[in-house]
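Only one structure is covered here, and it is reproduced in the block below.
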Amino acid sequence: MDRIKELGQTTGKAPYGKMVNTTDDKTLINNPDEQAVIARIKSLRESGKTLQAICDELTKHNIFNRSNKSFAPGSIQNILKDNQA
84 MDRIKELGQT TGKAPYGKMV NTTDDKTLIN NPDEQAVIAR IKSLRESGKT
134 LQAICDELTK HNIFNRSNKS FAPGSIQNIL KDNQA
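Just so we're on the same page, our numbering is the position in the sequence shown counted from 1, plus 83.
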């Protein structure tokens, strides 16, 4: 499983911000729309917003998760953890 991750491939659902490359159905590539949301989340966090405030801000601007629901603080925390620079 670790080897698959090293190759940038997936065996399950792609993490937020990524999508499965349609040319080979296993390589992960950036999802531009979700990458823009991640950049916004990072910016809000860097400005001192709480996880809940970030959720509220995204909802206020009609930005929802893949299930078309509001983001939860735990989801925001995971996105930030997974996308540390």
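Glycine is no exception: its CB is placed at the ideal position from the N, C-alpha and C atoms.
What would DSSP say about residue i, mapped onto helix, strand or coil?
i: threonine 110; result: strand
i: lysine 125; result: helix
i: lysine 101; result: strand
i: isoleucine 146; result: coil
i: serine 158; result: helix
i: glutamine 167; result: coil
Taking 7 Å as the cut-off, decide whether the C-beta atoms of residue i and residue j are in contact.
i: proline 98; j: aspartate 165; result: yes
i: glutamine 160; j: leucine 134; result: yes
Kindly give me the distance between the Cβ atoms of residue i and residue j, rounded to whole angstroms, as I take these residues to be in contact under 8 Å.
i: lysine 24; j: isoleucine 112; result: Summary: the structure shown does not reach residue 24, with the chain confined to residues 84 through 168, and so no result is reported for it.
With a CB to CB cut of under 8 Å and the five nearest residues on each side skipped, what residues in its chain are close to residue i?
i: leucine 141; result: Val120, Arg123, Ile124, Phe147, Ser153 and Phe154
i: asparagine 104; result: Thr110, Leu111 and Ile112
i: lysine 132; result: Glu140
Excluding the 5 residues flanking residue i on each side, which residues of the same chain have their C-beta closer than 7 Å to its C-beta?
i: asparagine 199; result: Limits of the chain in this structure are 84 at one end and 168 at the other, which puts residue 199 out of reach.
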